[in-house]
């Protein structure tokens, strides 16, 4: 099974957009046991796209096209492919219903070009778009399968994960299955993780171990090539044990769509504990991150953003003398913020964040210096961190460190 | 002048590495006035690379190849291209000197495969590698120019910037430069924007107008092809005026790296106004977004996250009777939140956010229903929105709507 990926969009050829869709689809197809032989990018130009389609049709069994399904005239992927394979375009009933609903809810008038987004090949299969309006299309010609996906990653990813993947698995069952498992780590860098697991990664061929670095975390994808699921799970279990023996202290959870905040919210729910926060440099980002998780309201009632010194005094009732003596970037300030936030809101735990996001230093302390306080019924402690890179990375690092601190505290409870 | 970019590397086809080299080279070539028509990626496979080279040679004047210049056997780009254009490989004297120096300094014995890295085409030009060992190569055949660059971005970028760029400018002086400008819009969908500008976009060839949708905003990139910068700016100004005549009410700023929050923070600084917020469904995201902008501390001291009803009562001192009578998803609640937050913190403006993020409805109101309150010294108003899609999109939409509300209020001041 040979596959290739064609991204359509002049903005990619101008260097304005990185072709991360090809990366994502490649990773997903590898999971399905489908090998990708080529990526191509072509601009919004019908002749060049058609010529590329012809080449792809001749050399591949599956052609995945990304982009060019939107409402405007430069969105031409659907028209060009339809013409190339000789298919008429018809309206997809379910897609049209969603489109109408969208404009009714948004109380906006629908312009007629939007209808282009819900056209499907007459013998094709429409893929619903859960996060946008343009439907996807799967079509099997006598020689080649075509999968058309929307360009925005926020639409392409859920469409592929929730619809495309199952469809390809059904249409192209591979003798060898790839079964994979994602392990998530916080608190260890990619190079360190790979160094500690070097022997394992080199010797190991089934399952393979692929590290992947994300901002402030690392995931390992274990992929076993097997004929049945049970032997796959056994292989994965064995490798996972060997990995966790080396770096288990940094492991926090499983799964591609998992996150540190999801693990923390679940733990809080299980332990029936409530949390609050007082945030200075993170300015609400810790609380907003908790509330990313649906069901957060069971464990989080509210908290404080105390960006300036005056609001640490006013909203959190911290003694101005303490702030004058130790400064706001201090253990004492972090502890007072956490303790007072916990008391005022009446939560089981309170986190506090105070430090230097940058770009310039504060109270003589360098960018990246962050104190995180954690107050519980029995004690209050503060922890000092030195984060690196830019303002936004320092703030994200602080939020992740706070989540991990809370996770470890809850696990030790 | 037609160019294309070929990246060589199986790791890209497996989705382990993102092809950022193509993005970088595209941007740089656009700057030089050289148009890129295709990107391709092929694995470490000589037959497939050769077939791609043939296609590229036929359709392009310049082919930039990235990757596969290293010392190992799967680094095959140089051999395949040399064979394709019929060139012998000879040692580059300067490259060899650097290579020897490297191993002498590192006190390591050089393995013989390293010599492959300093081979150049007999009629080619070697490009020095300031941050690695593999030299680059420029070669002009009777029809096509080939530029071979190393794969690691840390080597490719300096090599292109310090050597490749000057070489291409000298070999291919372009009469025309590309000058571009990005206009940013909030509050209008891509399809609506394009409909309103349909005539302009269709008729306009210089500058071209390219729309691009991002979450909750749309940008238009105007690109003029000109011989000098002054006439380019004139062309861009003229087209910009025509665009703003149609959709100027949604325009909020210029530039690829600009944002609604940056514009709002700048306006607040200019007007010497301070803002606070009380956030329910957004749970701190509005305040964290403001604090994305460096310098936010001048206009933002702090605020509230009041996720649960009890914290609206406690932290914001809202009368429980009001919440019981109208509910938390109500105009009255949004107004009380904004008004009380403004009074408590002592800011010039206060925003409030209350609504239904989902996944389930609240107080009988559907997911996406959001009230945003805005309190100033003279008045307090609340605005009703119906956002769509998922939890995270509803919350992001609310933050963006709040920013725009504040922006318009400040502009009207």
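Residue numbers (full-length UniProt numbering), protein chains in the order written: chain A, 1 to 413; chain B, 1 to 413.
All C-beta atoms in this analysis are idealised placements derived from N, C-alpha and C, irrespective of residue type, glycine included.
>> I need the straight-line Cα distance from residue 263(A) to residue 253(A), nearest angstrom please.
In response: Approximately 7 Å, taken between the alpha carbons.
> By the criterion of Cβ-Cβ separation under 8 Å, what are the contact partners of residue 19(A) in chain B?
Replying inline: 18, 19, 22, 23 and 39
>> Whole angstroms are fine: how far does the CA of residue 14(B) sit from the CA of residue 43(B)?
In response: 9 Å
> Using a Cβ-Cβ distance under 8 Å, would residue 36(B) count as near chain A?
Replying inline: Taking 8 Å as the CB threshold, residue 36(B) lines the interface with chain A.
>> Just checking: is the beta-carbon of residue 60(B) within a distance shorter than 8 Å of some beta-carbon in chain A?
In response: no
> Applying a beta-carbon distance threshold of less than 9 Å, which residues of chain A neighbour residue 157(B)?
Replying inline: The premise fails here: residue 157(B) is roughly 13 Å from chain A at the closest Cβ pair, so nothing lies under 9 Å.
> residue 130(B) bridges to which residues according to DSSP?
Replying inline: Per DSSP, none; premise fails for residue 130(B).
> In chain B, what lies closer than 9 Å to residue 180(A) by C-beta?
Replying inline: For residue 180(A), none of the residues of chain B pass the 9 Å Cβ criterion, the least Cβ distance being about 13 Å.
> Since residue 285(A) meets chain B, which of its residues come closer than 7 Å, beta carbon to beta carbon?
Replying inline: Under the 7 Å cutoff, chain B gives 284 and 288.
> Whose C-beta lies closer than 6 Å to the C-beta of residue 398(B) among residues of the same chain, with five residues either side of it excluded?
Replying inline: 282, 353 and 370
> Can you list, in chain order, the residues of its chain whose CB lies under 7 Å from that of residue 71(B), leaving out five sequence neighbours each side?
Replying inline: 113, 114, 116 and 117
> Using the beta-carbon of each residue, which ones in chain B are nearer than 8 Å to residue 114(A)?
Replying inline: Near residue 114(A) (Cβ distances below 8 Å), the residues of chain B are 191.
> What in chain C is Cβ-close to residue 241(B), meaning under 7 Å?
Replying inline: Any reference to chain C falls outside this structure, whose protein chains are A and B.
>> Does the CB of residue 308(A) have a neighbour CB from chain B at under 8 Å?
In response: yes
> Just to confirm, are residue 368(A) and residue 388(A) a CB contact at a threshold of 8 Å?
Replying inline: yes
> Do the CB positions of residue 7(B) and residue 35(B) come within less than 8 Å of each other?
Replying inline: No, the pair does not count as a contact, with Cβ atoms beyond the cut-off.
> Do you know offhand how far residue 295(B)'s Cα is from residue 228(B)'s?
Replying inline: 36 Å
> Since residue 406(A) and residue 351(A) are thought to touch, with beta carbons under 8 Å apart, how far apart are those beta carbons, to the nearest angstrom?
Replying inline: 6 Å
>> Quick check: what's the CA-CA separation for residue 414(A) versus residue 402(A)?
In response: The requested residue 414(A) does not occur in the structure, where chain A is confined to residues 1 to 413.
> Ends of the beta strand (DSSP E) at residue 385(B)?
Replying inline: Counting along the chain, the beta strand (DSSP E) containing residue 385(B) begins and ends at 380-386.
>> Any heavy atom of the ligand MN inside 7 Å of the beta-carbon of residue 382(B)?
In response: The ligand MN is not part of this structure, which contains no ligands at all.
>> Let's see if you can read the secondary structure: which residues bound the alpha helix (DSSP H) around residue 396(B)?
In response: 391-412
> Between which two residues does the alpha helix (DSSP H) carrying residue 333(B) extend?
Replying inline: 331-345
>> Tell me the DSSP secondary structure of residue 149(A) in three-state form.
In response: strand
> How would you list, in chain order, the residues of chain B whose beta-carbon sits under 9 Å from the beta-carbon of residue 11(A)?
Replying inline: Within chain B, the residues 210, 212 and 221 have their CB atoms less than 9 Å from the CB of residue 11(A), given in chain order.
> In terms of residue numbering, what span does the beta strand (DSSP E) encompassing residue 215(B) cover?
Replying inline: Counting along the chain, residue 215(B) sits inside no beta strand (DSSP E), nor does DSSP assign it H or E at all.
> So residue 140(A) packs on residue 1(A), CB below 8 Å; how close in whole Å?
Replying inline: 13 Å between Cβ atoms; not a contact.
> Would a C-beta distance cut-off of 8 Å place residue 120(A) and residue 168(A) closer than the cut-off?
Replying inline: no
> According to DSSP, which residues form a beta bridge with residue 182(A)?
Replying inline: 221(A)
> Going along chain B in order, which residues have a C-beta closer than 9 Å to the C-beta of residue 244(A)?
Replying inline: Within chain B, no residue comes near residue 244(A); the closest Cβ sits about 23 Å away, beyond 9 Å.
> For residue 308(B), which three-state DSSP category applies?
Replying inline: coil
>> Does residue 352(B) come out as helix, strand or coil in the three-state DSSP assignment?
In response: Residue 352(B): strand per DSSP, three-state reduction.
> DSSP three-state call for residue 315(B): helix, strand or coil?
Replying inline: coil
> Sorted by chain position, which residues of the same chain lie with C-beta nearer than 7 Å to residue 38(A)'s C-beta, five sequence neighbours on each side aside?
Replying inline: In the same chain as residue 38(A), and ignoring 5 residues on each side of it, the C-beta atoms closer than 7 Å to its own belong to 4, in chain order.
>> Are the CB atoms of residue 65(B) and residue 422(B) within a distance shorter than 8 Å?
In response: Residue 422(B) cannot be examined here, being either before or after the span of chain B that is shown, 1 to 413.
> So, is residue 395(B) buried or exposed, given that buried needs 16 or more other C-beta atoms within 10 angstroms?
Replying inline: buried
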